[in-house]
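Engineer: The structure that follows is given in the form of structure tokens.
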Amino acid sequence: TYYVYKGNYKQLRDLLRCSFVFETFSDLYRAFTILKQIANEEKTMNGGLLFAKDLFSRSGNESFGYRYLQVYVNCPGSNIVCEVQLNHKMFEQHKEDSYYLFKRMRLFETENGNTAYNYATQHIRPKLQHTSERFQSLSSNNNNNNNNSNNNDKKNDKKNDKKSDQNQNDVKEGETEMDMDIDIGEGETNAFEGEEDSIDSLLRKWLPDTSGKSPDGVTQVIVDGKPKSYLQILKQHGFGCADHLEPLQMEDLRRLHFKDNHLKTFWKHKTDYFVLLEQKTTKGEDGKEGYNDKWFLNCRVAIKTYHGTYLRAHPGKVGSELDLQTKVSDWEQFDVIPLKGNCIALRTFHGTFIRASPGGEGSKLDLNTEVRHRETFTLVPVGSSWAIRTCYSTYFRAHPGGAGSTIDLQTQVGQWEVFQFEKVK
2 TYYVYKGNYK
12 QLRDLLRCSF
22 VFETFSDLYR
32 AFTILKQIAN
42 EEKTMNGGLL
52 FAKDLFSRSG
62 NESFGYRYLQ
72 VYVNCPGSNI
82 VCEVQLNHKM
92 FEQHKEDSYY
102 LFKRMRLFET
112 ENGNTAYNYA
122 TQHIRPKLQH
132 TSERFQSLSS
142 NNNNNNNNSN
152 NNDKKNDKKN
162 DKKSDQNQND
172 VKEGETEMDM
182 DIDIGEGETN
192 AFEGEEDSID
202 SLLRKWLPDT
212 SGKSPDGVTQ
222 VIVDGKPKSY
232 LQILKQHGFG
242 CADHLEPLQM
252 EDLRRLHFKD
262 NHLKTFWKHK
272 TDYFVLLEQK
282 TTKGEDGKEG
292 YNDKWFLNCR
302 VAIKTYHGTY
312 LRAHPGKVGS
322 ELDLQTKVSD
332 WEQFDVIPLK
342 GNCIALRTFH
352 GTFIRASPGG
362 EGSKLDLNTE
372 VRHRETFTLV
382 PVGSSWAIRT
392 CYSTYFRAHP
402 GGAGSTIDLQ
412 TQVGQWEVFQ
422 FEKVK
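Quick note on numbering: the sequence shown equals residues 2 to 426 in the numbering used here.
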């Protein structure tokens with residue numbers, strides 16, 4: 002696949018393309034230095050380093066778009082141009098979704114701009130809420146809200162909404178043990194990117210502005226002759242929520258203009274925050290190892306739904322089916338594989354992996370043959386059970402019924418979004 006950038010075939014630039022992915026910015030820029038040295042010293046590479054553009058350091062206030070370091074060189078012994086992309090892992094894991102969008106947006110390019118983008122800016126953006134309001138903590142009122150989506154009865158919807166607004170969701174007689182488990186209490190909400198754990202609030206706590214000049218209340222530093230807060234710098238470079246801070250290394254922070262004293266303060270707070278977050282995820286309310294201990298990591302399990310059915314993976318390759326079954330045999334067995342950043346992958350008996358599709362309520366779950374970002378999940382404690390959150394901040398949802406019933410995604414957690422892990426002998 003290639004694109005003609007300016008309508009002139011003589012200016013075709015990326016006939017060939019290759020990509021490298023790095024876990025730290027220090028390694029990424031070190032690779033660029035090596036590539037530049039090779040291109041300029043290798044006599045068979047005509048022209049040396051032809052072109053380089055650092056998309057990690059975009060000007061302006063763009064808060065979206067794919068970021069990478071772009072380099073053009075001639076292939077050794079020829080005049081065929083190769084585009085070399087140096088990617089950071091935190092962006093590359095979302096590359097598939099970005100390219101899916103970009104390919105379709107190119108269909109709407111006109112002389113007056115991109116009509117799809119202009120429409121979204123004019124008609125869709127005003128309807129969207131602020132980013133910090135998109136993330137919801139688990140609480141008992143979500144149970145009622147979720148039941149609204151599962152129950153089309155309008156009268157019940159109004160009653161449940163009213164109860165949710167008034168926070169009148171106490172456990173009543175006749176409710177099952179799993180009903181009671183939905184109420185996780187205030188102590189567990191930090192597992193989410195809620196308002197209290199937004200990157201804005203964390204930076205204001207960790208690096209508060211004492212001069213009274215910072216517009217966002219975070220310490221400022223001079224960058225290119227202008228004052229910028231560390232919050233502005235992080236957001237400009239794509240770190241839009243607290244979860245994005247975890248993989249940052251000291252070298253990355255230095256490249257983001259952190260001064261030594263601010264770097265040490267930030268590093269201590271960041272480390273303590275994620276240690277505490279992990280403890281809250283894996284410990285009970287009393288702080289002791291208890292019902293939320295992740296005993297099932299690296300184990301073979303069956304995943305039981307609220308309705309008493311089990312997740313079932315069908316054999317096949319990319320796109321194979323995932324549904325529910327009433328008993329456990331080979332197809333209902335999964336390996337829980339721990340990944341970096343408190344994430345997991347779920348490998349089926351057939352060697353494939355559960356994959357989430359982008360979108361809201363009703364989005365699809367199926368299977369894939371490899372683990373990328375769509376195959377990584379976060380476990381959120383809900384009482385003695387778990388909610389399984391996708392990279393799109395949606396949750397596994399099991400529908401009632403027998404063999405062949407549906408397993409898909411929902412935007413919030415209620416009874417249908419709660420699961421238990423059972424060890425398979």
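Beta carbons: idealized from backbone N, C-alpha and C, even for Gly.
Nothing here was measured: the structure is a model prediction, and the numbers come from that model.
Tell me the rounded alpha-carbon separation between Leu203 and Ser364.
Structural biologist: Taking the sequence shown and counting its residues from 1, one reaches residue 203 at position 202. Taking the sequence shown and counting its residues from 1, one reaches residue 364 at position 363. Going by the C-alpha atoms only, they are around 32 Å apart.
Engineer: So which of Ser79, Thr122, Ser386 has the shortest CA-CA distance to Val414?
Structural biologist: For this step, residue 414 is matched to residue 413 along the sequence shown. It is Ser386 whose Cα lies nearest to the Cα of Val414.
Engineer: Look at the alpha carbon of Cys443 and the alpha carbon of Asn41, and state the distance between them as a whole number of angstroms.
Structural biologist: Here the chain covers residues 2 to 426 and nothing more, so residue 443 does not appear.
Engineer: Please state whether DSSP places Arg31 in a helix, a strand or coil.
Structural biologist: Residue 31 sits at position 30 when you count from the first residue of the sequence shown. Note: Arg31 maps to helix in three-state DSSP.
Engineer: If contacts are defined as beta-carbon pairs under 8 Å, then Val219 and Ser212 qualify, I think. What distance do you get, rounded to the angstrom?
Structural biologist: Along the sequence shown, read from residue 1 onward, the residue named residue 219 stands at position 218. Along the sequence shown, read from residue 1 onward, the residue named residue 212 stands at position 211. The pair is not a contact, with the Cβ atoms about 11 Å apart (cut-off 8 Å).
Engineer: How do the region 332 to 340 and the region 293 to 311 stand: do at least 3 beta-carbon pairs fall below 8 Å, yes or no?
Structural biologist: The region 332 to 340 vs the region 293 to 311: in contact.
Engineer: Can you list, in chain order, the residues of its chain with a C-beta nearer than 7 Å to that of Thr391? Leave out the 5 residues immediately preceding and following it.
Structural biologist: Taking the first residue of the sequence shown as position 1, residue 391 is located at position 390. If we look at Thr391 and ignore the five residues flanking it on each side, its Cβ neighbours are Ala357, Phe378, Leu410.
Engineer: Shortest alpha-carbon distance to Thr306 belongs to which of Thr116, Thr412, Phe420?
Structural biologist: Mapped onto the sequence shown, residue 306 falls at position 305. For Thr306, the nearest C-alpha among the options comes from Phe420.
Engineer: Just checking my contact of Gln71 with Leu51 at CB under 8 Å: how many whole Å lie between their CB atoms?
Structural biologist: Here residue 71 refers to the residue found at position 70 of the sequence shown. Here residue 51 refers to the residue found at position 50 of the sequence shown. So it is not a contact: roughly 11 Å between Cβ atoms.
Engineer: Within a Cβ cutoff of 8 Å, which residues of the same chain sit near Gly402, ignoring the five residues on either side of it in sequence?
Structural biologist: Residue mapping note: residue 402 aligns to position 401 of the sequence shown, counting from 1. Taken in chain order, the residues that qualify are His308, Thr310, Leu325.
Engineer: Given a threshold of 16 other Cβ atoms within 10 Å of its Cβ, counted over all protein chains shown, does Asp244 qualify as buried or as exposed?
Structural biologist: In the sequence shown, counting from the first residue as 1, residue 244 sits at position 243. Buried: at least 16 other Cβ atoms inside 10 Å.
Engineer: Going by beta-carbon coordinates alone, are Val82 and Tyr69 separated by less than 7 Å?
Structural biologist: Indexing the sequence shown from 1 puts residue 82 at position 81. Indexing the sequence shown from 1 puts residue 69 at position 68. Taking 7 Å as the Cβ cut-off, Val82 and Tyr69 do not qualify as a contacting pair.
Engineer: Check this for me: beta carbons of Ala117 and Phe109, under 7 Å apart or not?
Structural biologist: Here residue 117 corresponds to residue number 116 of the sequence shown, with the count starting at 1. Here residue 109 corresponds to residue number 108 of the sequence shown, with the count starting at 1. Yes, Cβ-Cβ distance for Ala117 and Phe109 is below 7 Å.
Engineer: Tell me whether Lys328 sits in a helix, a strand or coil according to DSSP, three-state version.
Structural biologist: By one-based count along the sequence shown, residue 328 stands at place 327. Note: Lys328 maps to coil in three-state DSSP.
Engineer: Strictly by DSSP, which residues pair up with Pro228?
Structural biologist: For the purposes of this step, residue 228 is taken as residue 227 along the sequence shown, with counting starting at 1. Ile223.
Engineer: Near Arg373, what residues of its chain come up, given a Cβ to Cβ distance below 8 Å and the 5 sequence neighbours on each side ignored?
Structural biologist: Here residue 373 refers to the residue found at position 372 when the sequence shown is read from its first residue. These residues qualify, in order along the chain: Gln94, Glu97.
Engineer: By the three-class DSSP mapping on this structure, what secondary structure does Val276 have?
Structural biologist: Numbered from its first residue, the sequence shown carries residue 276 at position 275. Here Val276 sits in helix by DSSP.
Engineer: Could you spell out the range, first to last residue, of the alpha helix (DSSP H) harbouring Ala473?
Structural biologist: The question about residue 473 has no answer here: the residues shown for the chain are numbered 2 through 426.
Engineer: Which same chain residues, not among the five before or five after Met106, have their C-beta less than 8 Å away from its C-beta?
Structural biologist: Taking the sequence shown and counting its residues from 1, the one referred to as residue 106 is at position 105. These residues qualify, in order along the chain: Asn115, Ala117, Tyr118.
Engineer: What span of residues does the beta strand (DSSP E) with Trp207 cover, start to end?
Structural biologist: The residue labelled residue 207 in the question sits at position 206 within the sequence shown. Where Trp207 is concerned, there is no enclosing beta strand (DSSP E), although the alpha helix (DSSP H) it sits in stretches over 200 to 207.
Engineer: Find the nearest neighbour of Phe354 within the set Glu333, Ala404, Arg398, judged by alpha-carbon distance.
Structural biologist: In the sequence shown, residue 354 corresponds to position 353, counting from 1. Among Glu333, Ala404, Arg398, the Cα nearest to that of Phe354 belongs to Glu333.
Engineer: Within a Cβ cutoff of 6 Å, which residues of the same chain sit near Thr407, ignoring the five residues on either side of it in sequence?
Structural biologist: As a first step, residue 407 is located in the sequence shown; it is residue number 406 there, counting from the start. Hits under 6 Å: His400.
Engineer: Within 10 angstroms of the Cβ of Asp367, are there 16 or more other Cβ atoms? Answer buried if so, exposed if not.
Structural biologist: Numbered from 1 along the sequence shown, position 366 holds the residue referred to as residue 367. Classification of Asp367: buried, given that the 10 Å Cβ count is 16 or more.
Engineer: Tell me, to the nearest whole angstrom, how far the beta carbon of Phe33 is from that of Arg256; I am working on the premise that it is less than 8 Å.
Structural biologist: As a working note, residue 33 is residue 32 in the sequence shown. As a working note, residue 256 is residue 255 in the sequence shown. Actually they do not touch by this definition, with Cβ atoms about 12 Å apart.
Engineer: Mind checking whether the beta-carbon of Val319 lies closer than 6 Å to any heavy atom of the ligand FMN?
Structural biologist: Looking for the ligand FMN in the displayed structure turns up nothing, as the structure carries no ligands at all.
Engineer: Give the single residue among Gly320, Ala303, Leu347, Arg375 whose Cα lies nearest to the Cα of Ser330.
Structural biologist: Against the sequence shown, residue 330 aligns to sequence position 329. Per the Cα distances, Ala303.
Engineer: Using CA coordinates, which residue listed in Gln233, Ala404, Gln86, Ala53 is at the minimum distance from Tyr67?
Structural biologist: Within the sequence shown, numbered from 1, the residue matching residue 67 stands at position 66. It is Gln86.
Engineer: Select from Phe422, Gly78, Glu84 the residue whose C-alpha is nearest the C-alpha of Pro382.
Structural biologist: On the sequence shown, residue 382 is found 381 positions in, with the first residue counted as 1. Checking every option, the nearest Cα to that of Pro382 belongs to Phe422.
Engineer: For Ala404, is the classification buried or exposed, using 16 other Cβ atoms within 10 angstroms of its Cβ as the cut-off for buried?
Structural biologist: Here residue 404 corresponds to residue number 403 of the sequence shown, with the count starting at 1. Flag for Ala404 reads exposed.
Engineer: Report the start-end ranges of each alpha helix (DSSP H) in the region 57 to 110 that is 4 residues or longer and not cut off at the edges.
Structural biologist: Runs of the alpha helix (DSSP H) inside the region 57 to 110: 90 to 93, 96 to 106.
Engineer: The beta strand (DSSP E) spanning Leu347 covers which residue range?
Structural biologist: The residue labelled residue 347 in the question sits at position 346 within the sequence shown. Its beta strand (DSSP E) spans residues 344 to 349.
Engineer: Please confirm whether Glu112 and Arg18 have their CB atoms less than 7 Å apart.
Structural biologist: Mapped onto the sequence shown, residue 112 falls at position 111. Mapped onto the sequence shown, residue 18 falls at position 17. No. Outside cutoff.
Engineer: Going by other Cβ atoms of all chains shown within 10 Å of its Cβ, with 16 needed for buried, is Ile223 buried or exposed?
Structural biologist: Translated into the one-based positions of the sequence shown, residue 223 becomes position 222. Ile223 is exposed by the Cβ-count criterion.
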